[in-house]
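As you go down the protein sequences, you meet chains A and B in turn.
Using this note's numbering, the first residue of the first sequence is number 60, and each one after it goes up by one.
Using this note's numbering, the first residue of the second sequence is number 60, and each one after it goes up by one.
Even for Gly, the Cβ is constructed at its ideal location relative to N, Cα and C.
There are 2 protein chains.
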Amino acid sequence: MDTTKLGFDTINLGHGSGGTMTRDLLDKIIFKTFNNPYLNQKHDGSIVKFTGDFAISTDSFVISPIFFKGGNIGELAVNGTVNDVAMCGAIPKYLSLAFIVEEGLSTDDFTKIVNSVKMAADKSGVLIITGDTKVVERGKGDKIFINTTGFGEVHPKANISSNNILVGDKIIVSGFIAQHGMAIMSEREGLEFESTIVSDTTNVNFLVKELLDKFGNKIHLFRDPTRGGLASVLSEITTDINKGITIIENKIPLEKQVAAACEILGLDPMYVANEGVFIAIVSADVADAVVKTMKNSEKGKNTVCIGEVTSEHPNKVVMQSLIGGKRIVSPLIGEQLPRIC
Amino acid sequence: MDTTKLGFDTINLGHGSGGTMTRDLLDKIIFKTFNNPYLNQKHDGSIVKFTGDFAISTDSFVISPIFFKGGNIGELAVNGTVNDVAMCGAIPKYLSLAFIVEEGLSTDDFTKIVNSVKMAADKSGVLIITGDTKVVERGKGDKIFINTTGFGEVHPKANISSNNILVGDKIIVSGFIAQHGMAIMSEREGLEFESTIVSDTTNVNFLVKELLDKFGNKIHLFRDPTRGGLASVLSEITTDINKGITIIENKIPLEKQVAAACEILGLDPMYVANEGVFIAIVSADVADAVVKTMKNSEKGKNTVCIGEVTSEHPNKVVMQSLIGGKRIVSPLIGEQLPRIC
Numbered sequence: 060m061d062t063t064k065l066g067f068d069t070i071n072l073g074h075g076s077g078g079t080m081t082r083d084l085l086d087k088i089i090f091k092t093f094n095n096p097y098l099n100q101k102h103d104g105s106i107v108k109f110t111g112d113f114a115i116s117t118d119s120f121v122i123s124p125i126f127f128k129g130g131n132i133g134e135l136a137v138n139g140t141v142n143d144v145a146m147c148g149a150i151p152k153y154l155s156l157a158f159i160v161e162e163g164l165s166t167d168d169f170t171k172i173v174n175s176v177k178m179a180a181d182k183s184g185v186l187i188i189t190g191d192t193k194v195v196e197r198g199k200g201d202k203i204f205i206n207t208t209g210f211g212e213v214h215p216k217a218n219i220s221s222n223n224i225l226v227g228d229k230i231i232v233s234g235f236i237a238q239h240g241m242a243i244m245s246e247r248e249g250l251e252f253e254s255t256i257v258s259d260t261t262n263v264n265f266l267v268k269e270l271l272d273k274f275g276n277k278i279h280l281f282r283d284p285t286r287g288g289l290a291s292v293l294s295e296i297t298t299d300i301n302k303g304i305t306i307i308e309n310k311i312p313l314e315k316q317v318a319a320a321c322e323i324l325g326l327d328p329m330y331v332a333n334e335g336v337f338i339a340i341v342s343a344d345v346a347d348a349v350v351k352t353m354k355n356s357e358k359g360k361n362t363v364c365i366g367e368v369t370s371e372h373p374n375k376v377v378m379q380s381l382i383g384g385k386r387i388v389s390p391l392i393g394e395q396l397p398r399i400c
Numbered sequence: 060m061d062t063t064k065l066g067f068d069t070i071n072l073g074h075g076s077g078g079t080m081t082r083d084l085l086d087k088i089i090f091k092t093f094n095n096p097y098l099n100q101k102h103d104g105s106i107v108k109f110t111g112d113f114a115i116s117t118d119s120f121v122i123s124p125i126f127f128k129g130g131n132i133g134e135l136a137v138n139g140t141v142n143d144v145a146m147c148g149a150i151p152k153y154l155s156l157a158f159i160v161e162e163g164l165s166t167d168d169f170t171k172i173v174n175s176v177k178m179a180a181d182k183s184g185v186l187i188i189t190g191d192t193k194v195v196e197r198g199k200g201d202k203i204f205i206n207t208t209g210f211g212e213v214h215p216k217a218n219i220s221s222n223n224i225l226v227g228d229k230i231i232v233s234g235f236i237a238q239h240g241m242a243i244m245s246e247r248e249g250l251e252f253e254s255t256i257v258s259d260t261t262n263v264n265f266l267v268k269e270l271l272d273k274f275g276n277k278i279h280l281f282r283d284p285t286r287g288g289l290a291s292v293l294s295e296i297t298t299d300i301n302k303g304i305t306i307i308e309n310k311i312p313l314e315k316q317v318a319a320a321c322e323i324l325g326l327d328p329m330y331v332a333n334e335g336v337f338i339a340i341v342s343a344d345v346a347d348a349v350v351k352t353m354k355n356s357e358k359g360k361n362t363v364c365i366g367e368v369t370s371e372h373p374n375k376v377v378m379q380s381l382i383g384g385k386r387i388v389s390p391l392i393g394e395q396l397p398r399i400c
């Protein structure tokens, strides 16, 4: 889109007024980009036909910087919510999309972000069906915040619940950890590592669907280790199940340059956010087949089984080190990396 | 809730980390307040059973100040989305709730807002089923922004669409206009009017349901004149219908003190935001009965029929003045009152 033709270089307060400037912004950028019969109703909301069990998830994205290596806030806002819906064992279908723009954001940047939303939505197979745009004064926001709320149809074979987790279940991780957090961090700190670290933001919904098609209720839980990283999510799971989790340190999938970057910045990769990685906790009898299926997929080619559920040390995650030592993995307490998503 | 027992006086970045501080905030305030089986799943999303046509609407609330005469951002965020869902001819059922908090917001204020969300949700008969909390650094937000996304079941008798509007249809307004905008404005400007102007924020979903129960598809359109006010919403409707709208100036329901405040501040009440007022465009043969039903309701006791749909002046709203003059009512262009909702 040639933004010089839009007639405005920046988003300003008038674009959030609900008057003709808002309509102009919507017509020239939003409706033009997403053009679908739901959004084209241009009403206060959209009407959709539903039958069955639906999963609903909401997330606001406040990441800084808004453009980073491997993506931007637009595609992150789609992938994040699509993945959250998928983690419920559902097939994402629709998204709502709400912007809070800081006055002065360039129309160019806004358009790039909207286009990324569209591209990511298309890749995930979801439609943007309703939205909202608000503008706040300079200094009262930070360029752009995006909320997406996603709706998905629960997979007919899915039965995802921490209540289903059994002793002996395997803990499988779909790819290298800590990439998203370290990409953002190196961007912020202006660090240049030997080769560039790129965010792993991507949609995992089709791989999740394939696993549910094949393994149904043998998949006991899905979770995506975003804020707080792998350590926090595993810890949170153990608090819910009255069982323990043991993971093997040298199985944790971690790229060398990400490990090096973490060391330089004094961060533990176990607590660093991921965006395109998920954890599956599955029945032991299908674990090898699950890993094989995941490794065959682009989104899961670096899948590893990192541990299992134990009757020992209930409510605790224990990491077994290379030389046989054991340590408890605590959840993240405060903030390691603010505004990572 | 005695916030001194929470152990933290302000919301800080750690509360948005996804770690134990986030969990603490959620357990002590959010889950405790909303306590329902959907939210208690504590998963990335909630699973809900749906059948039929559903209306979905999203809105981010960025109002400043966050506390104002007649309400606060919490109840506004519920009522606003509940009403948007109702305007689609639907019965609101569920809401998602996403906070973007600026570091340093007092726990007291946050708790008050959360309690107002709960109170407003109860009054509207909706459940908060999933949520999100993000925290941004001081100066990168403005106290608190809230996104709510609402889901409602389309009323079996509803057929709400601007395509159904006929020449002769009556334009009915449910109450005094411009109250919300002027309440916010006087708060901001520190003005004290003779008697206090109070925001009209409220939920209108039960009145909307009653109208649909009684008059079904004789109700052709509902709209709530929020941002941009009555003038902008009527203008927007005429752009969609290839017919005109004539309204009678002295029928517009406007309280004297609101009119006076508008005059002092140089604002046209037709462009000032409302939050608890809605417009119904209905078949002429039921118009009197609709007005009567609305007047019998607390939420519609000041209902007035202000005009009708005409074949003349298509795509234009014309206001007929007391002494017989006519003028075109244009939509709002830029921004009269930023951050009014």
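Rounded to the nearest angstrom, the Cβ distance from V137(B) to A179(B) is 4 angstroms, consistent with a contact under 8 angstroms.
At a cut-off of 9 angstroms between beta-carbon atoms, G130(B) makes no contact with chain A.
Assigned with DSSP and collapsed to three states, S342(B) falls in coil, not helix or strand.
V226(A) is classed as exposed because its beta carbon has fewer than 16 other beta carbons within 10 Å across all chains shown. The residue among N301(B), I70(B), T140(B) with its C-alpha nearest the C-alpha of S370(B) is N301(B). Per the DSSP secondary-structure output, M378(B) pairs in a beta bridge with I306(B), R386(B).
The beta carbon of N94(A) sits no closer than 9 angstroms to any beta carbon of chain B. Below the 9 angstroms Cβ cutoff, chain B contributes no neighbours of R247(A), its closest Cβ being approximately 12 angstroms away.
Taking 9 angstroms as the Cβ-Cβ cut-off, the region 107 to 120 of chain B approaches chain A at V107, K108, F109, T110, G111, D112, F113, A114, I115, S116, T117, D118, S119, F120, given in chain order. One alpha carbon belongs to P124(A), the other to P397(A), and they sit about 11 angstroms apart. Within chain B, the residues placing a beta-carbon under 8 angstroms from that of L391(A) are S76, G77, G78, T79, ordered along the chain.
For the set G148(A), K193(A), D191(A), D201(A), the Cα lying nearest the Cα of V194(B) is the one of D201(A). For E196(A), the closest Cβ of chain B is nearer than 9 angstroms. According to DSSP, R197(A) shares a beta bridge with no other residue. Short of 6 angstroms from the beta carbon of I306(B), and not among the five residues preceding or following it, lie these beta carbons of its own chain, in chain order: I365, G366, M378. For C321(A), the enclosing alpha helix (DSSP H) starts and ends at 315 to 324. Of the other Cβ atoms in all chains shown, 16 or more fall within 10 Å of the Cβ of N142(B); this residue is therefore buried. Taking 3 residues as the shortest admissible run, the region 104 to 161 of chain B contains the following complete beta strand (DSSP E) segments, listed from N- to C-terminal end: 105 to 120, 149 to 161. At a cut-off of 9 angstroms, the C-beta of D299(B) has a neighbouring C-beta in chain A. Looking at the backbone, the Cα of E161(A) and that of N71(A) are separated by about 8 angstroms. Apart from sequence neighbours up to five positions away, no residue of its chain approaches D272(A) with a beta-carbon distance below 6 angstroms. V144(A) is positioned such that its CB atom lies no closer than 9 angstroms to that of N309(A). Judged by DSSP secondary structure, N174(B) falls within the alpha helix (DSSP H) whose first and last residues are 166 to 183. Going by C-alpha positions, G133(A) is about 5 angstroms away from I172(A). Here G240(A) carries a helix assignment [DSSP, helix/strand/coil]. Beta-bridge partners assigned by DSSP to G190(A): L156(A).
Look at the region 242 to 297 of chain B and you find these whole runs of beta strand (DSSP E), each 3 residues long or longer: 278 to 282. Interface residue (Cβ-Cβ distance to chain A less than 9 angstroms): G190(B) is classified as such. Listed as beta-bridge partners of G366(B) by DSSP are I230(B), I306(B). For a Cβ distance threshold of 7 angstroms, nothing in chain B lies close to T261(A): the least Cβ distance comes to about 17 angstroms. By the Cβ-count criterion, D191(B) is buried, with 16 or more other Cβ atoms from all chains shown falling within 10 Å of its own Cβ. F235(B) sits in coil when the DSSP states are folded into three classes, being neither helix nor strand.
In this structure, the straight-line span from the alpha carbon of A114(A) to that of D344(B) is close to 43 angstroms. By the Cβ neighbour-count rule, S258(A) is buried, with 16 or more other Cβ atoms within 10 Å of its own.
A Cβ-Cβ contact shorter than 9 angstroms links N218(A) with N276(A).
Only exposed fits P215(B), as fewer than 16 other CB atoms lie within 10 angstroms of its CB.
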